[in-house]
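**Student:** Residue 236 in my numbering sits at position 101 of the first sequence, and the numbers go up by one each step.
Below is the structure I would like to discuss, written out as structure tokens.
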Amino acid sequence: MTFFSVYQKLLNQYGPQQWWPAETPFEVMVGAILTQNTAWTNVEKSIAQLRAKRKLTPQTIDRLPHQQLAELIRASGYFNVKATRLKNFCHWYLAQNGFDALNALDTESLRHGLLSVNGVGSETADDIMLYAFNRPVFVVDAYTRRIFSRLGLVDDKIGYEALRDKFETEFIDIKRKITAEIRVAHYNEYHALIVVHGKDFCRTKPRCEVCCLNKQCGFMK
DNA sequence: TACCAGGAGAAAA
DNA sequence: TTTTCTCATGGT
136 MTFFSVYQKL LNQYGPQQWW PAETPFEVMV GAILTQNTAW TNVEKSIAQL RAKRKLTPQT
196 IDRLPHQQLA ELIRASGYFN VKATRLKNFC HWYLAQNGFD ALNALDTESL RHGLLSVNGV
256 GSETADDIML YAFNRPVFVV DAYTRRIFSR LGLVDDKIGY EALRDKFETE FIDIKRKITA
316 EIRVAHYNEY HALIVVHGKD FCRTKPRCEV CCLNKQCGFM K
């Protein structure tokens, strides 16, 4: 069992996911903040509200009063916290002169900048790095830690950075020197497949052929 | 009714 | 430094 063989199993089971479900890079960034500890179906309602009210731009969110923004994103939960985080992020994004200026940064500088925003933690930063800026950064979420630890590939108490580093080093033999573009494509699919698999089996089925992400399932115990 | 969801940051120990 | 608490709606 390796990171790559799990990936192949998931890909065979679900097929390519073509993530992230968004129309623009900025929408990816908004979704990454709104989906923190929240089901995507709820995030979709908030994104739809922002779009319907023509507030889905960094400038409008930056200027929008807190209460109005909180009301528009109510469906995705933690609306007061997330309104603050979205405004923090948009203010920083505009101060950095937007997408093109940020995209000109090297990967390490871009990640450091994202993490400097209050409300953007490791996973949210990496979502944005991978899905909005196409950088070769693997996203670690609760499902990722659960599936890899249950399969015995990592310790269940491994930290975020340690797991990400281990994955990126071992996923594909570093000596093969695959291009950053191909790495991005694989990381993009892999994280999406883990989430889709988690949503599928956590709710609808007692166990699966790859692992089981359901906390209440006896598989892998 | 109880649990969980594509976390993060502050406070407490 | 590590653990615990808070934030909250919506689906199952």
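All C-beta atoms, glycine included, are put in the ideal place defined by N, C-alpha and C.
Which value, in whole angstroms, describes the spacing of the CA atoms of A315 and L265?
**Tutor:** Working through the first sequence from its first residue, we reach residue 315 at position 180. Working through the first sequence from its first residue, we reach residue 265 at position 130. Their backbone Cα atoms lie some 11 Å apart in a straight line.
**Student:** Can you tell me which of the three DSSP states Q171 falls into?
**Tutor:** Within the first sequence, residue 171 is the residue found at index 36, counting from 1. In the structure shown, Q171 sits in coil (DSSP, three-state: anything other than H, G, I, E or B).
**Student:** Tell me whether the region 247-254 and the region 270-282 touch, counting them as touching only if at least three CB pairs, one residue from each stretch, are closer than 8 Å.
**Tutor:** As far as the Cβ criterion goes, the region 247-254 does not touch the region 270-282, which means the pair count is below three.
**Student:** Alpha carbons only, please: which of V319, L245 and D197 is nearest the one belonging to H226?
**Tutor:** What you label residue 226 is simply residue 91 of the first sequence in a count that begins at 1. Measuring from the Cα of H226, the nearest candidate turns out to be D197.
**Student:** When the Cα atoms are used, what is the spatial distance from I313 to E303?
**Tutor:** Against the first sequence, residue 313 aligns to sequence position 178. Against the first sequence, residue 303 aligns to sequence position 168. Each residue's alpha carbon lies about 12 Å from the other.
**Student:** Determine the burial state of L199: buried for a count of at least 16 other Cβ atoms within 10 Å of its Cβ, exposed for fewer.
**Tutor:** Here the question's residue 199 lines up with position 64 in the first sequence. Per the 10 Å Cβ criterion, buried.
**Student:** Should S211 be labelled buried (16 or more other beta-carbon atoms within 10 Å of its own) or exposed?
**Tutor:** For the purposes of this step, residue 211 is identified with residue 76 of the first sequence, where counting begins at 1. Per the 10 Å Cβ criterion, buried.
**Student:** Assuming the contact rule is C-beta atoms closer than 8 Å, K222 and H201 should be a hit. Round their C-beta distance to whole Å, please.
**Tutor:** Working through the first sequence from its first residue, we reach residue 222 at position 87. Working through the first sequence from its first residue, we reach residue 201 at position 66. That pair is a contact at about 7 Å.
**Student:** What residues in its chain sit with their C-beta under 8 Å from that of L229, if we drop five residues either side in the sequence?
**Tutor:** The residue labelled residue 229 in the question sits at position 94 within the first sequence. Cβ neighbours of L229 beyond the five flanking positions: P193, Q194 and D197.
**Student:** Report the option in T170, D235 and N177 whose CA atom is closest to the CA atom of R220.
**Tutor:** What you label residue 220 is simply residue 85 of the first sequence in a count that begins at 1. Selected option, being the one with the closest Cα: T170.
**Student:** Are there 16 or more other CB atoms within 10 angstroms of the CB of N147, so buried, or fewer, so exposed?
**Tutor:** Stepping through the first sequence from its first residue, residue 147 is reached at position 12. Counting Cβ neighbours within 10 Å, N147 comes out exposed, since fewer than 16 surround it.
**Student:** Using the Cβ count rule (16 or more neighbours within 10 Å means buried), how would you classify I182?
**Tutor:** Start at 1 with the first residue of the first sequence, and residue 182 comes out as number 47. Flag for I182 reads buried.
**Student:** May I ask which residues mark the beginning and end of the alpha helix (DSSP H) holding R198?
**Tutor:** Working through the first sequence from its first residue, we reach residue 198 at position 63. P193 to R198 is the extent of the alpha helix (DSSP H) around R198.
**Student:** Start and end of the alpha helix (DSSP H) containing D262?
**Tutor:** As a first step, residue 262 is located in the first sequence; it is residue number 127 there, counting from the start. Residues S257 to Y266.
**Student:** Please work out which residues of its chain come closer than 7 Å, Cβ to Cβ, to P271, disregarding the five sequence neighbours upstream and downstream, and give them in chain order.
**Tutor:** Along the first sequence, read from residue 1 onward, the residue named residue 271 stands at position 136. So the list reads A315, R318, V319 and Y322, once near-sequence residues are dropped.
**Student:** Cα-Cα, which of T173, W155, V163 and D241 is closest to F224?
**Tutor:** By one-based count along the first sequence, residue 224 stands at place 89. When only C-alpha atoms are compared, the closest one is V163.
**Student:** For my contact list, M136 and G287 are in at a C-beta cut-off of 8 Å; report their separation, rounded to the angstrom.
**Tutor:** For the purposes of this step, residue 136 is identified with residue 1 of the first sequence, where counting begins at 1. For the purposes of this step, residue 287 is identified with residue 152 of the first sequence, where counting begins at 1. The pair is a contact, with the Cβ atoms about 7 Å apart (cut-off 8 Å).
**Student:** At the level of alpha carbons, what is the spacing between G256 and Q184?
**Tutor:** If you number the first sequence from 1, residue 256 lands on position 121. If you number the first sequence from 1, residue 184 lands on position 49. Whole-angstrom Cα-Cα distance: 25 Å.
**Student:** Any idea if R186 is buried or exposed, counting beta-carbon neighbours within 10 angstroms, 16 or more meaning buried?
**Tutor:** In the first sequence, residue 186 corresponds to position 51, counting from 1. Exposed is the call here.
**Student:** Is W155 helix, strand or coil by DSSP?
**Tutor:** As a position in the first sequence, residue 155 is number 20, starting the count at 1. In the structure shown, W155 sits in coil (DSSP, three-state: anything other than H, G, I, E or B).
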